[in-house]
Amino acid sequence: MKRLKKMDLFTICNALIMTLVVLLSVYPLYYAVINSLNDGTDTTNFGMVQLWPRQFSLDSWRMVVKDPAILTALGITASRTIIVTVCQLIFTSMFAYAFSRPYLRFRKCYAALGFMSMYISGGIVATFLLLSKMGLYNTYWVYIIPSLFGGFYNVIIYTSNFRGIPDELFESAQLDGASEYRIFFSIVLPLSKAVIAALAVFTIVGVWNDYTTSLFYTSNTELQTLQYYIVKLVRSEAALEQIVKDNSSLSSEVFALLYGRNSSISARTLELAAMIIAAIPMIAIYPFAQKFFTKGVLLGSIKG
Amino acid sequence: MMQMTISKKPRKPAMRNEFRRQTELHTMLLPGTVMMIVFNIIPLFGLIIAFTNFKATMGWEGIFTSQWNNFRNFRQVFSSSQFGPMIRNTLGINLLGQFISIPMAILFALLLNEIRSPRRKSFVQTAAYLPHFLSWAIFGGLIKNLLSADGAMNQLLMGMHVIGQPKEWMADADCFWTICIASGLIKDLGWSAIIYLAAISGVDPTLYEVVDIDGGNRYHKMRHVTLPAILPTVMVMIIFAVSGMLNNNFTQIYVLQNPLNMERSNVIDSYIYQIGMQQFQFGIATAAGLVKSVFALLLLVGANWTSKKLTNSGLF
Amino acid sequence: MKKVTCWLLLLSLVTLLLPAFAVAEGTVTLEWFMDYAALPSKWNLEEPVFAGITQATGVQCNINMPAEDASTKLNLLMISRNLPDIISTSDGDLRSELIAAGLVWDLDELLQTYVPESHLFANFPADLKKNIIDRDGGWYCYPSHMNSEGYESIWGYCDEDTAEFYKATKYDNRNSIFLRKAYLDQLGIDVNTIRTEQDLMDVLQSFNDAGLTNTSGASVYTMMVNGDQTVWLTMDGIIRNTFGAMPLTDDGQYQSIFYTDEYRDGASFLNHCAQKGFLTETHLIMDEETLVSLANSGRVACYIGPFTTLGSGADLNDVWVSPGAITPDSGATPVLPYNAGMYTGWLNTMVSKDAKDPAACARFIDYMSSREGMLLHMYGVEGVDYTWDGPCLVRTEEGMGKIEDGVTGIWGFYAFQDAYFPRSVEHRSLDKMPPTMAYSLTDNVVVYDASPFDIPAGYVSENEDMAFIEIETNNYLEATLPKILLAPDDQTFNDQYDAFLAEMTRLGRKDYDAYLNVKVQEAAEKRGIELKPVN
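Residue numbers (this note's numbering), protein chains in the order written: chain A, 190 to 493; chain B, 5 to 320; chain C, 372 to 906.
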C-alpha cells in the first residue's frame, strides 16, 4: 500500500530552505568551474565571470595535467591517504575504546597525555629536527609514520560514541568470556559505523589536502603530494605576476627581463582549475560515506 | 538502543579476569600512546625557543645553548599597542561565530533528517558540503565581488528598496564581523553538520515509535528524542569550540581584510603571522603559540567543568 | 571496496617505483635551493639547455624550489645543518644571516681554488664587486639582475640604436600620473597643458562632470589609485615625488617621509580628490585584480601609480599618456629618486661551505655566468631558438614560445640572469617615448641620489626593538592613512594628520628614524653625497 505524501507546512518550508541551501552551496563551485574555463588574459583584463565563460579556454586545465609529475603526485597522495586513513581508524578507535572503559586504570594519566598532545605543540623547528633525526626527512615514510595515530580530538569523538553503547552488551560478552579485543572488533566497531564513516571522511579530506608535509619535510619532487604540486604550480605563476608588479624592491632591470606571460592562463584561472581537479575525488567519496549514516544500526542486536 | 547516554556504574568482573582485561586495554592503548609521546611530547623541547635568543644560524645545538632572554618574546606578544583590539576581535568573531554556527549546523542536520526521499537527502547533503572545498582565496574573492558597490548584494537591496544608495559593505568596519561569520557559515555549514548527522543516525528508531504512539508530531520527536540523544556530541563540539577561542581562520581573515576595516579585522593570528614573516622570530611565534595553548587548555578545563555541571556530560 | 583499495595501493606503489629521469654517467648532482625560477621540477637531460649545461660542467642539479615560505624552509635546513649546496635567495635578511654565520664560501676564494682561470675575474665589474663587498663584507654572492655601469664596458651594446635606447630611458620611472588618451581626446584636452596641481584637478573635475562611459556603457571612474596598497604604491611611489618630499629633515638627518610637509601636501591632494568625490571608500579597499580589470576595460580615466600594475602589453603605451611631473600648488619642486648606487641583485646565489663538491659548484657558477652559458640558458640553441642578424640575435618563433615555459629552461634560470647581457645581444630601438618617461623628462624635476636610503638587509631585523617598532608603526600607517585621506574637510584632515604624527612618535618612530639615520649618514659619507632636502 502506498503511503500518502504528507504535504504539510513543515515539508514545504523545509523544501524551500533546502533549495536555498543548495543554491548557495552550489553556486560558488559553479563560479569556480566557469572561471577555470575562461581565458586567463580575459579574466585578468575584465574580471571574473559571473554566469558563463566569456572566452572559453581549456588551457588552464591542460596546464594542470600536462606535466607527468602529476601522476606521481597522485600516486603518492592516494596511497598515503588510504594507508593513513586505515591505520588511523584502527589505532584511534582502539585507543578510544580502551579509554572509554570506565574501569580502566590510570585513565587520568592517559587523558592528561592526550590533552597535552592536542593543545601544546613544540613548534615546527622541533618537529623538523625530530623527523630529521629519525631519518624520515625527504622519504616517503614521513607521510605515514607520524600520522599513524589520529590525534586525541578523534579519540574524544569516538569515546563519546562508545560510551553510548549500552552496558548489557558488554556484560553479556564478558560473561561469555570474550576478550576486550573481541568485544571491540565484533561488537563495538559494527555499531559505530556512522561515526567511523564521519571521521573517515574528515581524515581522508585532511590527508588529501595536506601540503605542508611536502613543503617542510621533503625536498625531492618525486615525493610531492598532489596538493603540493598544485600549490607550487599556482604559486609560481602568481609569484611571477607579483614580482612584475612589485614596486619597492626591484629595479626596472628585473621588470624588463621578466616578460609578462602572454598566455591564456593566469594565476587565477590556474588556481581554480587545479582546485577543482584536486577536489573531485573528495566530492566523489562523500556519497559513499553517507551510506553509513542510516538509522537503526543497533536495531535487532539487543533483542537477539 | 544506540544512544549517547551517560555511563552507568559497571559491575566489577572477577579478579584474575580483571588483570587480563587491564592488560588487554593497555595494549590497545599502546600504539596511540607511543605515537603521542614520540611525535607530540618529545618535540616539546622546542618550547625552549620561546624563552631564549635562539637564531637559526646557531644550528640545532643552539636551541639548548642560547641565552635565556628574560621573557622578551612574551613581552613582545603582549606589548603590541593593538593587543586589546586584537583580543576583542578574535574573541568577538569566534564567540559570535560559534554561537551562531553550531546551532545552525544542528538545525540543518535536523532538517536534513526530515527529508523523506533518501536520494534527495543525499543530494542536498553533498551539495551543502561542496563549498568546504573552495579555498578562501576564491571564496573570499567571490564574497568581495558580491558585496562591492556594484555587486549583487547592493543591487538586491536596492531592488527591494531597503537602501537607496549602494553601500561599500567591505569598507564598513562594523559590518566585518557579520560578513566574516556569514561567509564562514555558508562555507562550512554542510561540513560541520556531518558529525551531527552521524550522531542522529545513531538514535534508536523505536524511541520515535513511542512518540508516535503517544500522538506526538515531528517537533516532539526532535525535542524529546533526537536532541537529548545527540546532546553529548553537541557538548563535545561546544567544548572544543570554546577551547579554540583564540584561533581564527587566518586565511579567511587575510582575504577579507582591508585598510578600512582593520579595527575590526585585526586578530591575534594576523599579528603572529606578521612577526613570523620577519627573520629571527621563531622565538616570538613559539611564545605566542605557547600562550595560546595554555589559554586553550584553561578554557578547555573550564568548559568541560561547566558542561558537566549543566548537562552531566563532558569530555572526561 | 576491498578490491578497489588493493588495486589502488598496488598502483600507487608502482608509480613510486617508476624510474627517475636518467642520471648521466660521471656527473655530480648538486642540491640547488631557490626562491624563484621557471624551471621544470626535474633536471631533464632530454632538453638541450640542461644537457648543454651538464656537458659543459659535469653537473646536474636537484632543484629545490618550495611552493611558498622558502625562507622558513631554508631556516629549517640551517637548523638541522643540512644546507643545500647552492642557495639562491631573494631574502636579504637570510642572506646576511648566512654570511654572518660563516656558512657560505667567499667566491673569490672558491674560484681561486677550483677554477683559477674563471672568466669571472675579468668579467665581473669592479664597481659592482665593490658594492657587494660593502654590503656583505666580502664577495659571497653572485647576484642576478644587477645594475652596474661597469657592465657597459664588459658586455657593451650590440649596436648604436640599442645604446641610444638605453641611454634615453635611463630615468624610466614606472610611477606617474597616467591619463587615458581616449577620454582626453573626447573632452578635447591636450595632455601637455596639464602643468600644475590645479590643472590636474580641473581635468579630473571635467572627467567627473562629463559622465564618461566606456564602450560597453559602463560607468568610468574619474581616478584610480592602488586600492589597498595606496599607502605603499601610490603615496610612496608617485605622490611623494610629485610633491617634492624627501625623507630628510631640514638639516639633512633622515626622517620618515610622512613627517615632511611635502608628503602632507600630497596626502592633502588626495584628500581634496576625496572631498570632491573622485576618491571614495571603494577605491581604498579595492584589490589589484579588480583594479586591473577595471583599467583594462576602459573604466578608469586617470590612474595614479605604477604603470606595471596595468599589465605589460606593448600597446598600453598607446592607451595611456602622462603629463609628467606636475607642479604642486605649494610651489614645491618635484623630485625623482634615482638609485645610482648599484642595485645589488634580486636573487643572490651562494655556495654552502658544507657542499661536498665545491669544485663542481665553482664550475657551475663559472659556466652559468659566462657568455656561452648565458646564451644557452637565456636564449636556447643557436639555429633552433635564435639566429644571428649581424651583431644582434633574433629569436625564432619557436624560441619565443619557449621563454619561461618551465619545460625547456629557457629564460628560466633567474638566478643567473645578468641584466646587462641582453643589451649586448638584443636590439632595442626607440620608436616612441613611453609615457613612463614623461616624469623624468619634465623640466623642473630634480633627480637625487637615493642610494643612501637603502638600508642594508638585516640591520633592522637584528635589533628586536627596532623590528618591533617597524611592524607596529607600519601597521598603524596602513590602517590610519587611508582613513585620513577620506576626511570630509580640510580642518578634519589636518587634525587627524596631526594626531597621526603624534601617535607615530608615541609608538617610537622617531627612535626608529634615528636608528636608520646612522646607516644613512654612513652611506652618504662613503659616496660623497650631500644630504639636503630639495624643498
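Yeah, the Cβ is synthetic: ideal placement off N, Cα and C, and Gly gets one too. Please read all numbers here as calculations on a predicted model, not as lab measurements.
task = Give the secondary structure of proline 677 of chain C by DSSP, where H, G and I count as helix, E and B as strand, and everything else as coil.
result = strand
ask   = With 16 as the cutoff for other CB atoms within 10 Å, does isoleucine 842 of chain C come out buried or exposed?
value = buried
request  = With 9 Å as the limit, tell me which residues of the segment 638-672 of chain C have their beta carbon closer than that to any beta carbon of chain A; keep them in chain order.
outcome  = Glu659, Glu660, Thr661, Val663, Ser664, Leu665, Ala666, Asn667 and Ser668
Proximity winner among B:Lys296, B:Leu303, B:Thr255 and B:Leu48, relative to phenylalanine 82 of chain B (alpha-carbon distances) = B:Lys296
request  = Could you check the C-alpha separation between serine 438 of chain A and threonine 310 of chain B for me, to the nearest Å?
outcome  = Here the model assigns serine 438 of chain A a pLDDT of 37, short of 50, so the residue's position is not dependable, and the following value carries that caveat. If you take the alpha carbons of serine 438 of chain A and threonine 310 of chain B, they lie about 54 Å apart.
ask   = Among C:Arg742, C:Leu447, C:Gly429 and C:Leu902, which one has its Cα closest to the Cα of glycine 66 of chain B?
value = C:Leu447
query = So arginine 290 of chain A is in the beta strand (DSSP E); what residue range does that whole segment cover?
reply = Taken as a continuous stretch (DSSP letters only), arginine 290 of chain A belongs to no beta strand (DSSP E), as it is neither H nor E.
Contacts that glycine 324 of chain A makes with chain B (C-beta to C-beta distance below 8 Å) = Within 8 Å Cβ-Cβ: nothing; glycine 324 of chain A doesn't reach chain B, min ~13 Å.
ask   = Where does proline 708 of chain C sit, in a helix, a strand or coil, going by DSSP?
value = strand
inquiry  = Helix, strand or coil, according to DSSP, for alanine 672 of chain C in the structure here?
reply    = strand
ask   = At least one CB of chain A closer than 8 Å to the CB of isoleucine 450 of chain C: is that the case?
value = yes
message = I'd like to know if isoleucine 842 of chain C contacts chain B, where contact means its C-beta is closer than 8 Å to some C-beta of that chain.
response = yes
ask   = Along the chain, where does the beta strand (DSSP E) that runs through methionine 837 of chain C open and close?
value = It is not in any beta strand (DSSP E) - methionine 837 of chain C instead sits in the alpha helix (DSSP H) that spans 835-856.
query = For the segment 231-238 of chain B against the segment 47-55 of chain B, are there 3 or more C-beta pairs whose distance is under 8 Å?
reply = no
ask   = Around the C-beta of leucine 478 of chain C, are 16 or more other C-beta atoms found within 10 angstroms, so that it is buried, or is it exposed?
value = buried
query = If you drop the 5 nearest sequence neighbours on each side, which residues of the same chain put their C-beta closer than 7 Å to that of tyrosine 326 of chain A?
reply = Leu320 and Tyr406
query = Does the beta carbon of leucine 90 of chain B sit closer than 8 Å to a beta carbon anywhere in chain A?
reply = For clarity, residue 90 of chain B is methionine in the given sequence; the question names leucine instead. No, because no Cβ of chain A sits closer than 8 Å to the Cβ of methionine 90 of chain B.
The beta strand (DSSP E) enclosing asparagine 719 of chain C, as first and last residue numbers = 719-722
request  = Flag tyrosine 332 of chain A as yes if its beta-carbon sits less than 8 Å from any beta-carbon of chain C, otherwise no.
outcome  = no
inquiry  = So for aspartate 498 of chain C, helix, strand or coil by DSSP?
reply    = helix
inquiry  = Give me, in chain order, the residues of the same chain whose beta-carbon lies closer than 7 Å to that of phenylalanine 359 of chain A; leave out the 5 immediate sequence neighbours on both sides.
reply    = Ile372
query = Would you say serine 723 of chain C and isoleucine 458 of chain C are within 8 Å of each other, going by their C-beta atoms?
reply = yes
ask   = Does any C-beta atom of chain A lie closer than 8 Å to the C-beta of leucine 499 of chain C?
value = no
query = Taking a cut of 7 Å between CB atoms, which residues from the segment 40-52 of chain B lie near chain A?
reply = Met40, Phe43, Asn44, Ile45, Ile46, Pro47, Leu48, Phe49, Gly50 and Leu51
ask   = So glutamine 431 of chain C is in the beta strand (DSSP E); what residue range does that whole segment cover?
value = 430-435
message = Just to confirm, is the Cβ distance from proline 455 of chain C to tryptophan 403 of chain C under 8 Å?
response = yes
request  = Can you grab the Cα-Cα spacing for the pair alanine 645 of chain C / glycine 716 of chain C, in whole Å?
outcome  = 39 Å
request  = Taking C-beta pairs closer than 7 Å, name the residues in chain A that proline 437 of chain C reaches, listed in chain order.
outcome  = Leu404
key: Residues that tyrosine 133 of chain B contacts on chain A, provided the C-beta gap is smaller than 7 Å   = Tyr475
query = DSSP puts tyrosine 625 of chain C in a beta bridge; with which residues?
reply = C:Leu619
query = Which residues share a DSSP beta bridge with serine 459 of chain C?
reply = C:Met405 and C:Thr720
ask   = In chain A, what lies closer than 7 Å to alanine 300 of chain B by C-beta?
value = Tyr308
task = Mind checking the segment 588-613 of chain C against chain B and listing, in chain order, the residues whose C-beta falls within less than 7 Å of any C-beta there?
result = Asp599
key: Beta carbon of leucine 151 of chain B nearer than 8 Å to that of isoleucine 183 of chain B   = yes
task = State whether the segment 668-680 of chain C contacts the segment 592-610 of chain C, with contact taken as three or more CB pairs (one from each stretch) at a distance under 8 Å.
result = yes
message = According to DSSP, simplified to helix, strand and coil, what is arginine 424 of chain A?
response = helix
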